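UniProt numbering applies: residue 1 is where the sequence shown begins, and numbers increase by one.
Everything below concerns the one structure shown next.
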Amino acid sequence: MIQRQFQKRIYRRRKIPRCEGLSLPGYRKVFDLTREGVVILDREGKIMEANRAFARMLGMATPEDVKGREIGKFIPENVRDHFAALIELLEYTEGAFEPVDLELQSVDGVRLPVRFMAERVMCRGRVLTHLSVESLVEWHTIRDELAEAHLSLEQSYSATLEGWARALELRDLETEGHSRRVTAMAVDLALKLGFGLDHIPHIRHGALLHDIGKMAIPDSILFKPGKLSGEEWALMKMHPVYAYQLLQDIEYLRPALSIPYGHHERWDGNGYPRQLSGEDIPLAARLFAVVDVWDALSHPRVYRPEAWSVDRVLGYLKENAGSQFDPEVVQVFTEMF
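Structure, rendered in C-alpha cells:
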C-alpha cells in the first residue's frame, strides 16, 4: 500500500549516483552555499550531515545541533507516514521522486510547509539518502506579493478604462452616466447567465468601452439633431469597427472586444457591422445589446425627451426577442425586475 502510494511520484529510474570523490566535509562547503535545506540520512533515518539552511528551518543554531538526530522527530505526526513511505520506496526503486509537499516541525513546535526531493546516493560504499528541502513560506510570500501586484495593476487598468469612458461622456453630456450604469447592469446579467467570475472583468471592460469607437465619428454626425443621411448613417455604423481597430492590439483588452465590436448585431442577422445572427454573436455582445437598449430607453434623449417607464421598456424587449435580441437573454433580464 505504501509503495503504491508513491509510485506515481517516480520520474526517472537510473543507477544510484556516487559521491565517492567527495568527503562529507566536502559536502559541507557545497551545502552551506545553498538557500535550500540539504540533509544526508543513513539507512536508519538518522541525520549524518545537514547544512545551515536546514538547521535554521528546525530552529537550531548550527548544523552540528542537527547531526545524529532522527529525521522523523522533525516530521509532524499527521504526515509522518507519508514521509516514511517516501523513504521506504527509495529502497525499491533506484530512482528519485518528484517534489513532495509535506511539513517540518521545529524544536519549538512550529510547523513549516516544505517541499522534499529525495534520492539515494552512494558515498564511500554506503547507500545514503539525500534530501533537498525547500521552504514554501517564501514562495507563499512571493505568491501573495504577485497577487497584490496583479490586483494593483487591475485597478490601474480599470481606472484608465473608466477615464476613457468618462472622456467619451464629456464629449456627449447627454449620455453622462450611461457607461457606468450599463457596466453595472451587464455584470449583474452576466452573473445571472452563468458567466464565471474569471470572465466578469472582461464583461466590465467591454461594457465601459462599448462606444469607444464613437471617438472617431465627427461631431457633425454624432450630434446632428435631425435624421442622418444614408452616407452619414453608414459612417455612424462604423463605430464598432473603429473600436475593434483601436483595441485589438491591446492584449489585455482582447477578451473584452466582443462587446464593443458586436453589441449592434441583431439576433435575426440584420445588425451591424458583420450581420452576425443567433449564437454566432458572442453571448457577451448579446447580453450587452439588451442592457444598452434598456438604459437608452430608460433615460431621456434629445430625440426623445421623455424616458420610458420600466413596463414599457420591458414590453419593447419582449416584443423584439427573437428578432433584435436573444430570447433567452431577454427572459433572464426581465426576471431581474
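Just so you know, even glycine gets a beta-carbon here, dropped at the ideal spot from N, CA and C.
Computed from a predicted model, the values in this text were never measured in an experiment.
Could you compute how far the alpha carbon of residue i sits from the alpha carbon of residue j?
i	j	result
Asp42	Ala61	22 Å
Arg9	Leu89	Residue placement at Arg9 is poorly supported in this model, since its pLDDT is 41, which falls under 50; the coordinates still yield a value, given next. If I take the Cα positions, the gap works out to 10 Å.
Leu222	Lys192	34 Å
Ala321	Lys214	27 Å
Arg274	Glu36	58 Å
Ile40	Ala207	59 Å
His263	Glu148	33 Å
Ser309	Leu136	59 Å
Glu77	Leu197	39 Å
Glu70	Val121	19 Å
Asp81	Gly278	58 Å
Val114	Lys318	59 Å
Gly194	Gly315	24 Å
Gln155	Tyr244	23 Å
Ser132	Phe116	6 Å
Gly45	Glu119	13 Å
Asn270	Asp280	13 Å
Gly177	Gly109	58 Å
Glu265	Thr160	27 Å
Met236	Arg166	20 Å
Pro63	Val100	23 Å
Asp249	Val38	48 Å
Asp219	Asp311	34 Å
Phe83	Arg52	22 Å
Note down, in chain order, each residue of its chain lying with its Cβ closer than 8 Å to the Cβ of residue i, except the 5 sequence neighbours on either side.
i	result
Val79	Leu102, Glu103
Leu189	Leu287, Val290, Val291, Val329, Val332, Phe333, Met336
Glu306	Pro300
Lys224	Glu232
Spatial neighbours of residue i within its chain, please: C-beta separation below 6 Å, excluding the five flanking residues on both sides.
i	result
Ser258	Pro282, Ala284, Ala285
Gln105	Phe74, Pro76, Arg111
Gly21	Per-residue confidence for Gly21 stands at a pLDDT of 41, beneath the threshold of 50, marking its modelled position as unreliable; no derived number is given.
His199	none
Leu276	Glu265
Hey, would you say the C-beta of residue i is under 7 Å away from at least one heavy atom of the ligand NAD?
i	result
Leu112	Ligands in the displayed structure: none, and consequently the ligand NAD is not present.
Could you tell me how far apart the beta carbons of residue i and residue j are, in whole angstroms, since I believe they sit closer than 8 Å?
i	j	result
Asp268	Ser229	Asp268 to Ser229, Cβ: 25 Å. No contact.
His202	Pro255	4 Å
Thr34	Ile87	21 Å between Cβ atoms; not a contact.
Looking only at its chain, what residues have a beta carbon closer than 7 Å to the beta carbon of residue i, apart from the 5 residues adjacent to it on each side?
i	result
Pro327	Ala321
Tyr157	Tyr252
Glu162	Leu208
Val66	Ile47, Ala50, Phe54, Ala55, Leu58, Met60
Phe325	Trp267, Ala289, Val290, Leu317
Glu134	Glu36, Val114, Arg115
Val187	Ile200, Ile203, Arg204
Gly68	Lys46, Ile47
Val313	Trp294, Leu297, Ser298
Do you know whose CA, among the options, lies nearest residue i's CA?
i	options	result
residue 338	Phe325, Val187, Leu247	Nothing in the structure corresponds to residue 338, since the chain is present only between 1 and 337.
Met185	Asp311, Phe195, Arg204	Arg204
Ile212	Leu235, Val241, Glu119	Val241
Ala234	Asp219, Tyr272, Lys224, Arg266	Tyr272
Ala216	Glu232, Pro225, Lys227	Glu232
His210	Lys227, Arg52, Met238, Gly68	Met238
Gly226	Leu276, Arg312, Arg304	Arg304
Gly72	Glu64, Thr160, Val107	Val107
Using beta carbons (cut-off 8 Å, strictly below), is residue i in contact with chain C?
i	result
Ala53	The displayed structure is made up of one protein chain only, and chain C is not part of it.
Three CB pairs or more closer than 8 Å across the stretch 294-308 and the stretch 181-188
yes
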